[in-house]
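Under the numbering used here, the first residue of the sequence shown carries the number 153, and numbering increases by one thereafter.
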Amino acid sequence: MHVVGSRELRPRFSEYLARAKDGDEVVVLVYGQPAALLRPVRPDDVGAYVPSRFVREELHKAIDKARATSLIVTWRGRMYAVLEAPRESLEILEDYS
153 MHVVGSRELR PRFSEYLARA KDGDEVVVLV YGQPAALLRP VRPDDVGAYV
203 PSRFVREELH KAIDKARATS LIVTWRGRMY AVLEAPRESL EILEDYS
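This is the structure in C-alpha cells:
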C-alpha cells in the first residue's frame with residue numbers, strides 16, 4: 153500500500169495509476185487525512201467511467217465524486233483502476249513518508 157498526498161499525486165498521476173493497475177493500493181491524503189483509495193479493478197466493480205485525464209486535472213472533484221460512488225478510471229478506453237472512498241477502518245500512521 154502506498155500513501156500519497158493529493159499535491160504529489162496530481163503531477164505523478166500516471167505513475168500511481170500504473171501502480172494501482174499492477175495491483176497496489178494507493179491511499180490519497182487531503183490535509184493529512186485519507187480521502188480516497190486508488191486500487192486495481194475487480195471483475196465485480198461498478199461505477200461511473202471517467203478518463204484518467206479528468207481525475208488528474210480535476211483531482212479534488214474526482215475525490216468528492218468517489219466518496220459517493222466508485223469511479224472506474226480509464227485510459228485509452230481501458231479500465232485501469234478504481235477511485236473510491238477509503239475504508240472506514242483504514243488507519244494511516246502520521247509519518248507516512
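Cβ atoms here follow ideal geometry from the backbone N, Cα and C, with glycine treated the same way.
Check	Outcome
Rounded C-alpha distance that separates Asp174 from Met231	12 Å
Per-residue burial, Arg239 [other beta carbons within 10 Å of its own, 16 or more giving buried]	exposed
Enclosing alpha helix (DSSP H) for Tyr168 [first to last residue]	Phe165 to Lys173
Reduced DSSP secondary structure (H/G/I, E/B, other) of Met153	coil
Contact set for Trp227: own chain, Cβ-Cβ below 6 Å, skip 5 residues either direction	Ser204
Which listed residue (Leu169, Arg162, His154 and Met153) has its alpha carbon closest to that of Ile224	Leu169
Reduced DSSP secondary structure (H/G/I, E/B, other) of Glu209	helix
Delimiting residues of the alpha helix (DSSP H) encompassing Arg230	Where Arg230 is concerned, there is no enclosing alpha helix (DSSP H), although the beta strand (DSSP E) it sits in stretches over Arg230 to Glu236.
Simplified DSSP state of Arg239, which is helix, strand or coil	coil
CB contact flag (Val193, Met153, <9 Å)	no
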